[in-house]
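Below you'll find the structure, written out as structure tokens, and then a few comments.
There are 2 protein chains.
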Amino acid sequence: MEKTLVSPALCPRVEHAFEILGKKWTGLILRHLLTSTCRFNEIQSAIPELSGRMLTERMKELEEEGIVERTVIPARPIKIQYSLTQKGRDLEPVIRSIEEWAEKQD
Amino acid sequence: MEKTLVSPALCPRVEHAFEILGKKWTGLILRHLLTSTCRFNEIQSAIPELSGRMLTERMKELEEEGIVERTVIPARPIKIQYSLTQKGRDLEPVIRSIEEWAEKQD
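One line per chain: the protein sequences are A and B, in this order. Using our numbering, the first residue of the first sequence is number 6, and each one after it goes up by one. Using our numbering, the first residue of the second sequence is number 6, and each one after it goes up by one.
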């Protein structure tokens, strides 16, 4: 067998990255956030099949991963906004390359 | 809200791509195949925690997706080799970009 170029030290992190992005709706939510800072309801209405409960779950996961930032704007009524952190914005090449790949397929 | 750049027509395909890559071990198997054509046992010994049953399942899925090609070499004993199809090789930028992203994280 040829020498492998896979770096074993990187594997768990790459696996974890694939795992995050592989969860249902996560890719779509991130693609949406790449274009703008969004309120919860805006994301939900942009993805009609996504339930509020599921969106809450995904946003919590993405916040815990340091990919999404939640900001409370002290207005009346209070506004909750979501935006990508730097770590989240760094996912743009990944998302763009997967889009390009998907575009190529019939 | 700003105009979204997400193309709705692309969504199911992109979601599906994320789904394929998000399955446990798939990213690792593909990274391995990017470096060489491999026999089943070679892939298995390169990823020690991956069971034969799980590898069989993943290879079947990847074959069904047209990402991996299975070749039977009529030798004694018969050899089964796996390699990436063009569609599979086209995943290289996706895998490389996710590696770069994972490398950046602490």
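Every residue gets a Cβ at the ideal spot worked out from N, C-alpha and C, and that includes glycine.
| Chain-order list of residues whose beta-carbon lies under 8 Å from that of A:T31 (same chain, five-residue window excluded) | Taking the first residue of the first sequence as position 1, residue 31 of chain A is located at position 26. Excluding sequence neighbours, A:T31 sits near I25, R63, E66, L67.
| field | Buried versus exposed, by CB contacts within 10 Å (16 or more), B:G93 | value | Translated into positions along the second sequence, residue 93 of chain B becomes position 88. Classification for B:G93: buried.
| message | Using a Cβ-Cβ cutoff of less than 7 Å, which residues in the same chain neighbour A:V77 once the five nearest sequence positions on both sides are dropped? | response | As a first step, residue 77 of chain A is located in the first sequence; it is residue number 72 there, counting from the start. I83, I85.
| task | Mind listing the chain A neighbours of B:I103? Cutoff is C-beta to C-beta under 8 Å, in chain order. | result | In the second sequence, counting from the first residue as 1, residue 103 of chain B sits at position 98. In chain order: V19, A22, F23, L26, V99.
| So is A:A107 in contact with chain B if we call contact Cβ pairs under 8 Å? | In the first sequence, counting from the first residue as 1, residue 107 of chain A sits at position 102. A:A107 counts as touching chain B.
| task | Could you check what DSSP says for A:S88 in three-state terms: helix, strand or coil? | result | Translated into the one-based positions of the first sequence, residue 88 of chain A becomes position 83. In the structure shown, A:S88 sits in a strand (DSSP, three-state: E or B).
| task | Determine the DSSP secondary structure at B:T76, reduced to helix, strand or coil. | result | By one-based count along the second sequence, residue 76 of chain B stands at place 71. Correct three-state label for B:T76: strand.
| task | Taking only beta-carbon positions, decide if A:G93 is within less than 8 Å of chain B. | result | Within the first sequence, residue 93 of chain A is the residue found at index 88, counting from 1. Taking 8 Å as the threshold, the shortest C-beta distance from A:G93 to chain B does not fall below it.
| task | Identify whether A:R44 lies in helix, strand or coil by the three-state DSSP scheme. | result | Residue mapping note: residue 44 of chain A aligns to position 39 of the first sequence, counting from 1. The answer is strand: DSSP assigns A:R44 an E or B state.
| Inter-stretch contact (C-beta, 8 Å, three-pair minimum) for the region 45-57 of chain B and the region 97-107 of chain B | no
| task | On a CA-only basis, which of A:V73, A:K109, A:E20, A:H21 is nearest A:H37? Give me that one, please. | result | In the first sequence, counting from the first residue as 1, residue 37 of chain A sits at position 32. A:H37 has its Cα closest to that of A:V73, out of A:V73, A:K109, A:E20, A:H21.
| task | Mind checking which residues open and close the alpha helix (DSSP H) that includes A:E70? | result | Within the first sequence, the letter at position 65 stands for residue 70 of chain A. Segment: none, A:E70 is in no alpha helix (DSSP H) and carries neither H nor E.
| Name the chain B residues that come within less than 9 Å of A:L55, Cβ to Cβ? | By 1-based counting over the first sequence, the position of residue 55 of chain A is 50. What A:L55 touches in chain B: nothing, since even the nearest Cβ is about 11 Å away.
| query | For chain B, is any of its Cβ atoms less than 8 Å away from the one on A:T9? | reply | Stepping through the first sequence from its first residue, residue 9 of chain A is reached at position 4. Its pLDDT being 45, under 50, A:T9 is placed unreliably in this model, and the coordinates cannot settle the point.
| said: Quick check on B:Q49 - is its C-beta less than 8 Å from some C-beta in chain A? | reply: Residue 49 of chain B sits at position 44 when you count from the first residue of the second sequence. Answer no: the Cβ-Cβ gap between B:Q49 and chain A never drops below 8 Å.
| Going along chain B, which residues have a C-beta under 7 Å from A:L96? | Translated into positions along the first sequence, residue 96 of chain A becomes position 91. Within 7 Å Cβ-Cβ: W106.
| field | the region 27-40 of chain A: positions lying closer than 9 Å to chain B by Cβ | value | G27, K28, K29, W30, T31, G32, L33, R36, H37, L39, T40
| message | In this structure, how does DSSP classify A:R81 when only helix, strand and coil are distinguished? | response | Within the first sequence, numbered from 1, the residue matching residue 81 of chain A stands at position 76. Reduced to three states, the DSSP call for A:R81 is coil.
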